[in-house]
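One rule links them: number in the working numbering = place in the sequence shown (from 1) + 2.
We put the CB at the ideal spot given by N, CA and C, even for glycine.
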Amino acid sequence: MVDWAALNAHAAGRPARRLVSKAITAAGGDRHAQSGVVLDLGAGAGADSLQFARHGWTVHAYDADDTLAARLVENERMSGDVIFHHTDLAEVEEFPAARIIYSTYTLGLLGPEGLAAIWPKLVGALPVGGVMAVDLFSTNDSWAERPDIATPSREQIDEMFRGFQIVERSERDEDGRFLADRKHWHVITTLARKRG
Ligand SMILES: C[S@@+](CC[C@H](N)C(=O)[O-])C[C@H]1O[C@@H](n2cnc3c(N)ncnc32)[C@H](O)[C@@H]1O
3 MVDWAALNAH AAGRPARRLV SKAITAAGGD RHAQSGVVLD LGAGAGADSL QFARHGWTVH
63 AYDADDTLAA RLVENERMSG DVIFHHTDLA EVEEFPAARI IYSTYTLGLL GPEGLAAIWP
123 KLVGALPVGG VMAVDLFSTN DSWAERPDIA TPSREQIDEM FRGFQIVERS ERDEDGRFLA
183 DRKHWHVITT LARKRG
């Protein structure tokens, strides 16, 4: 059992991932007047949610760890805002319509069945032209031997993105660490736009 609250507290100071700005660009740029909506699934330390909000987006940040709430403090540099949903993602029946769906190092944690169940709900929340910016653990990952974690192959990920135009695909396949343990990371990140 991972202590996500401790991990998130540790990660709280990290800069936003570059995938945030790439997703914003793919979705047409900053929002200043009528803000667009982003879903950040497994928002963790909150850095990426806050970055979207600084660029004028309204962010629905989901996480089962409620210590995140304290870090999502609005400040005057933020033209958007962050709405925190303290919930297990597997229990969300319907997501708000969003221009960007963003998730890093989280969707695979829902397990194969959880991923299969949430994916159509996410695709359904995106309008045509909406942007999916998500990563998934894949076959070479140390967690591929765990039945409770989803590690789809590249082909299966491509199948999930049928109906999308792939804007960018990147792959991390390297030894690393997770907390105190050694771990091989195989993470496939896909930035894609929903087709009409
Ligand atoms: C590895 S962290 C990733 C955090 C952040 N997205 C990042 O890339 O740094 C996974 C996050 O997902 C959350 N999480 C894990 N399983 C979840 C679930 N079933 N529902 C909601 N949040 C979950 C954890 O609390 C944690 O904050």
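Original post:
To which residues does DSSP link R195 through a beta bridge?
Top reply: Under DSSP, the beta-bridge partners assigned to R195 are V133, Q167.
Original post:
How would you call H12, buried or exposed, if buried means at least 16 neighbouring beta carbons within 10 angstroms?
Top reply: Answer is exposed; the Cβ neighbour count stays below 16.
Original post:
From W145 to E161, what does the alpha carbon distance come to, in whole angstroms?
Top reply: Rounded to whole angstroms, W145 to E161 spans 21 Å at the Cα level.
Original post:
Where A35 and I159 are concerned, what is the direct C-alpha to C-alpha distance, given to the nearest angstrom?
Top reply: Note that A35 has pLDDT 46, beneath the 50 cutoff, so the model's placement of it is unreliable and the number below is only indicative. So the alpha carbons of these two residues sit roughly 35 Å apart.
Original post:
Is A45 near ligand 1, going by C-beta to nearest heavy atom under 7 Å?
Top reply: Yes.
Subject >> L1 CB to nearest heavy atom of ligand 1 below 7 Å >> reply: An answer regarding residue 1 cannot be provided, because it is not within the stretch 3 to 198 covered by the chain.
Original post:
Between G110 and L91, which are expected to be in contact by the criterion C-beta below 8 Å, what is the C-beta distance as a whole number of angstroms?
Top reply: The pair is not a contact, with the Cβ atoms about 12 Å apart (cut-off 8 Å).
Original post:
What is the DSSP secondary structure of H12, counted as helix, strand or coil?
Top reply: Shown here, H12 sits in a helix according to DSSP, grouped into three states.
**OP:** Kindly indicate which residue of G198, S51, D177 has the alpha-carbon position closest to the one of V189.
**Re:** Of the candidates G198, S51, D177, the one whose C-alpha sits nearest the C-alpha of V189 is D177.
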